[in-house]
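Novice: Number 451 marks the last residue of the first sequence (my numbering); no jumps. Think of the CB as a built atom: it goes at the ideal place given N, C-alpha and C, for glycine as much as any other residue. The structure displayed is predicted, hence computed values, not measured ones.
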Amino acid sequence: MRGDPSVLHVDLDAFFAAVEQRDKPSLRGKPVVVGGIGVRGVVSTASYEARKYGVRSAMSTAEARSRCPHAAYLSPRFEVYRQSSRAVMAEMRALSPLVEPLSLDEAFIDLAASGLRGLTVDDVEAIARDLKESIRKVSGGLTASVGAGTSKLIAKIASDLDKPDGVVVVPAGTEADFLAPMQVTVIPGVGPATAQRLSMAGVRTVADLQQLDEDELVRQIGSAHGTSLHRLAVAADDRPVVSDRETKSVSVEDTFETDIIDRSLLVAIADRMSLRVSERLRKAQLSGRTVTVKTRMHDFTTHTRSSTLAGPTDDSRVIARVARRLLEESEVGGGIRLLGVGVSSLADWIQDDLFTDDEHAENPIEVVELPARPRDQVGFHPGQDVAHPDHGRGWVWGSGRGRVTVRFETADTPPGPVRTFAIDDPALTKVRISGVDADEEPGTDQNVSNE
DNA sequence: TCTGGGGTCCTAGGACCC
DNA sequence: TCTGGGGTCCTAGGACCC
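Next up, the structure:
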């Protein structure tokens, strides 16, 4: 354990909402809620003005609306948040080369890695205030809260104590006493289920936890969790700050406004998800061997099915074909509220031409507009790709009674808006996307281990 | 007014191998 | 011919985080 409080945890205050208030002056000083705005939406971030009404992260947007009807409800603009996040992280890296981002709005900084030694509480406070000032400058006025201590655990907990816009430095040597009076749930990793188990053993505060025998703790909550929690309770935390953590999985999922029973629609959605997963793998220069399909039923029970290939792939057609097979094996029952496709067992190298298709690798998605002949307008089926001059590219969600419903994709909110057209609307043209076409049999079966 | 989307890590059982 | 023990891989599910 280090002797000075040289681990910093930086947390941007109400990040998504703060960015929206920064960019739209009319929202400043007013309640702002960023998250899913549909019927099954959930709050990502509430501004401090909205929190006064009891609006919280992870709350359903419906509940947020009933608590604070006059707030502004906004869909997240991830690309904008990513830009600000990059600028803020760059300021942190100017302070120390060892920065570990935890999400867009949070990171650890190890000051020892920049050669600073024997830092006093005053030194660290001054560094933290300078950092907050430079963050404010590069981000157009965003505030951050900073915690500092001799370990990640202490820094993380400290950053939460004086939000927003605060600085809390915990002196070396005072860590166990600092933690003792707090609820066990302040320790990251102790959620509702663990708290419930601990409570049955009479443990509510960290002080209670400090008294508990390690063997007893392991019996209550399992070996890995018990051992680490026993150490964290007495502030024995030597986890290093690690930059460049490797990605372990890439996935896409979507909760539908209403449950879906139609298997052909589910297949069309799974194909698109496979395409998006493939695009993200390629962008990150990754490939993976295990494809997982996730389904959430109407009653919220969640199932996963996975299949591991003989070698890694980033090919949308291979991913889609495995996803389809896994989906076929999945129960649809009374309807599915969520579908997801993911790839894991990642390698940072890509299986070469032995198994993948050259032409496809170079042209992962190609959009070809077909001429709009009247007879092309009939026979829209779920998943059929279409284009519209005013709305861009989209795909058929459903059709019937002379109308066709199209879902348009936008860069920031992938499920995109849904619009309905007359089935003979000449502006709506059919489009073909190569890549995951149901009728193309790619014939790379040797890639699938258990076929 | 029911519960997002992107992840990480852990557990447990079965297959399979030595 | 009644029965081992360890290691690794795969699958499924669950807890947790932001």
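Round the Cβ separation of Ala-71 and Val-32 to the nearest angstrom and send it over; I've been treating them as touching at under 8 Å.
Specialist: 6 Å
Novice: Unbroken beta strand (DSSP E) runs of length 3 or more, entirely within the region 193-276: which are they?
Specialist: 249-260
Novice: Taking the alpha-carbon positions, what's the Asp-177 to Arg-77 distance?
Specialist: Near 42 Å, if we compare the C-alpha coordinates of Arg-77 and Asp-177.
Novice: Within a Cβ cutoff of 6 Å, which residues of the same chain sit near His-303, ignoring the five residues on either side of it in sequence?
Specialist: Only Thr-295 meet the Cβ criterion.
Novice: Does the structure place the region 12-26 close enough to the region 119-131 that three or more beta carbon pairs sit under 8 Å?
Specialist: no
Novice: Taking Cβ positions, are Leu-27 and Ser-47 nearer each other than 9 Å?
Specialist: yes
Novice: Among Ala-148, Val-291, Lys-283 and Val-169, which has the Cα closest to the Cα of Asp-348?
Specialist: Lys-283
Novice: Alpha carbon to alpha carbon, how far is Gly-141 from Leu-98? Give it in angstroms, no decimals.
Specialist: 25 Å
Novice: Tell me whether Ile-37 sits in a helix, a strand or coil according to DSSP, three-state version.
Specialist: coil
Novice: Have a look at the DSSP bridge pairing and note the partners of Ser-307.
Specialist: Val-291
Novice: Under a three-way DSSP split, which group does Val-19 fall into?
Specialist: helix
Novice: Under 8 Å: do the region 303-315 and the region 287-294 share three or more Cβ pairs, one atom per stretch?
Specialist: The region 303-315, when compared against the region 287-294, does touch it at the 8 Å Cβ threshold.
Novice: Is Pro-312 buried or exposed, if buried means 16 or more other CB atoms sit within 10 Å of its CB?
Specialist: buried
Novice: By DSSP, does Glu-106 sit in helix, in strand, or in coil?
Specialist: strand
Novice: For Met-297, which residues does DSSP report across the bridge?
Specialist: Ile-336
Novice: Taking the straight line between their C-alpha atoms, what separation do you get for Ala-235 and Asp-244?
Specialist: Approximately 25 Å between the Cα atoms of the pair.
Novice: With H, G and I counted as helix, E and B as strand and the rest as coil, what does DSSP make of Leu-8?
Specialist: strand
Novice: Please list the terminal residues of the continuous alpha helix (DSSP H) segment that includes Leu-131.
Specialist: 121-138
Novice: Straight-line CA distance for Val-190 to Val-241?
Specialist: 21 Å
Novice: By the three-class DSSP mapping on this structure, what secondary structure does Ser-145 have?
Specialist: strand
Novice: Assuming Ser-159 is part of the alpha helix (DSSP H), what are its boundary residues?
Specialist: 152-159
Novice: So for Thr-302, helix, strand or coil by DSSP?
Specialist: strand
Novice: Can you tell me which residues form a DSSP beta bridge with Gly-166?
Specialist: Paired residues: none, contrary to the question.
Novice: Starting from Ser-72, follow the alpha helix (DSSP H) in both directions and report where the run begins and ends.
Specialist: Checking the sequence, you will find Ala at residue 72 rather than Ser. Under the DSSP assignment, Ala-72 falls outside any alpha helix (DSSP H), being part of the beta strand (DSSP E) whose first and last residues are 72-74.
Novice: If you draw a straight line from the alpha carbon of Lys-137 to that of Val-88, how long is it in whole angstroms?
Specialist: Each residue's Cα considered, the two are about 9 Å apart.
Novice: In angstroms with no decimal places, state the Cα-to-Cα distance between Thr-356 and Ala-323.
Specialist: The predicted model places Thr-356 with a pLDDT of 45, which falls under 50 and marks its position as unreliable, so this point remains unresolved.
Novice: Could you give the residue range of the alpha helix (DSSP H) that holds Ala-64?
Specialist: 61-67
Novice: Helix, strand or coil for Ser-85, going by three-state DSSP, please let me know.
Specialist: helix
Novice: What are the start and end residues of the beta strand (DSSP E) that includes Ala-46?
Specialist: 43-46
Novice: Within a Cβ cutoff of 7 Å, which residues of the same chain sit near Val-121, ignoring the five residues on either side of it in sequence?
Specialist: Pro-5, Val-169 and Pro-171
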